[in-house]
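Student: One structure, pasted below without further comment.
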Amino acid sequence: MATLNQYQPNLVFHPGATLGEKLEEMGMSVKEFALRTGKPEKTIFAILKEESSITPEMAVQFENVTRIPASFWINKQARYNEYVARLKQEQAIAEAEDWACEFPYAEMAKRGWVPPTRKKVEKTINLLSYFGVASHHSWNKLYVDTDLKVAAYTSLKFTHEAHAISAWLRQGELQAAEIAAPEFNVKKLKGNIPAMRRLMVEQPVGFFLKLQELCLEAGVVLLFTPKLPKVPLSGSTRWIKEKPLIQLTARYGQNDRFWFTFFHELGHIILHGKKYISLENVDFAASDAQKEQEAHDFAVKLTFSKEQEEKLLQEHPTSIAAEDIVNYAIEFDTHPALIIGRLQHLGLIAYSVGREFLLPVQLSEFVFDGSKDDEIKQMPE
């Protein structure tokens, strides 16, 4: 959790004021001082008017004429430069206060993303630090009007709740930075899919950690980042510094949605490479309907394929019992929840059918190193 100390500088004078006092004390004109130092008169006048800085080279030359050490002039100029920079930063903070009010700060603080505070100026400082930017204009260029040709960022210009979404994305970026991943290996990733599907079918306690490990073996970082209020995100895929990242929210809190979302995001990594960014359930400028459909089809194939769906419907065209769904799940090597979720989505069965198989997925603040256990219920016997 990063924070910035609010800086309230004391008044610091430009070294030109000190130089003016020294010339007066020495009874030396600007013209003579310029001749003695080998500098143009206009340069000396600019320093006296606080319009120009004293460089280290000038400081050494001034030392010979004023008998004041070069280090004095250098340090005084440095203190003044910092003073001006701090004043500009204070102005930037003041200008960003309205921007800061657009974030769900209390929820971010509750999750430990930013320090808790009620003060507007502290919220602003903490948010600038959280995003690693000097001003809200920089945030805007990264997340709204971005022209960066890198895979980690996409424009949220036409997106509702852009501030909250950017905060969620940033948290994933910070989480991913803490994880050392090997070089991405698509062959290894594809080879691990059967083991991932086995986790889907068996739904063991603590499966998320094992799923993370299977992803990481292939150079993919899988993270859980709790969603923020009013943000419909269920997941995202993007590449950060040559590292593919799948970031999930477990938005719906049940296994059928979780696994479909996971395989959908996995599909983006395997099918669409480094340049495409996905934000599931969010409209954004760079969204590609064809790529989203391809990832959707990829997830369908790995959870409950179209061919399997057609077979089931041919044999049970009007109704199907929960017991039959379990049998089909065994035959298709999937979890009953994936079949139930699909049939409910198609309006073919009532939402009351097979609810005992729609298991809660609670990844409460899951940490990659396993310091907090995830709570996943197993498939009923």
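Heads up: the sequence shown runs through residues 1 to 381, numbered per the UniProt record's numbering.
Every residue gets a Cβ at the ideal spot worked out from N, C-alpha and C, and that includes glycine.
Owing to the predicted nature of the structure, the values given are computational and were not obtained by experimental measurement.
Going by alpha carbons, who is nearest to residue 382 out of Asn255, Gln362 and Lys291?
Tutor: Within the shown structure, residues of the chain are numbered from 1 to 381, placing residue 382 beyond reach of any answer.
Student: For Leu248 versus Phe260, is the C-beta distance shorter than 8 Å?
Tutor: no
Student: Taking Tyr105 as the reference, give the member of Arg118, Glu95, Ser129 and Glu90 with the closest Cα.
Tutor: Here the closest residue by C-alpha is Arg118.
Student: Give the DSSP bridge partners of Lys141, in chain order.
Tutor: In DSSP, Lys141 forms no bridge with anything.
Student: If I measure Cβ to Cβ from Ala322 and keep anything under 7 Å in the same chain, skipping five residues before and after, which residues do I get?
Tutor: Val353 and Gly354
Student: Where are the alpha helix (DSSP H) runs, 4 residues long or more, that stay fully inside the stretch 222-286, in chain order?
Tutor: 255-272
Student: Can Leu228 and Lys210 be called in contact, C-beta distance under 8 Å?
Tutor: no
Student: Going by DSSP, what residue range makes up the alpha helix (DSSP H) through Arg118?
Tutor: Neither: Arg118 is in no alpha helix (DSSP H) and is coded neither H nor E.
Student: Since His296 is in the alpha helix (DSSP H), which residue starts that stretch and which ends it?
Tutor: Ala289 to Thr303
Student: Tell me where the alpha helix (DSSP H) around Cys215 begins and ends.
Tutor: Phe207 to Glu217
Student: Can you tell me the Cβ-Cβ gap for Ala299 and His345, rounded? I've got them flagged as a contact below 8 Å.
Tutor: That pair is no contact at about 13 Å.
Student: Following the continuous alpha helix (DSSP H) through Val60, name the residue where it begins and the one where it ends.
Tutor: Pro56 to Thr66
Student: In the structure shown, what three-state DSSP assignment does Ser135 receive?
Tutor: coil
Student: Quick one: give me the first and last residue of the alpha helix (DSSP H) that Ile340 is part of.
Tutor: Pro336 to His345
Student: Could you pull the start and end residues of the alpha helix (DSSP H) that Gly172 belongs to?
Tutor: Where Gly172 is concerned, the enclosing alpha helix (DSSP H) stretches over Ala162 to Ala177.
Student: Quick one: any contact between the stretch 120-130 and the stretch 85-105, if contact means 3 or more CB pairs under 8 Å?
Tutor: yes
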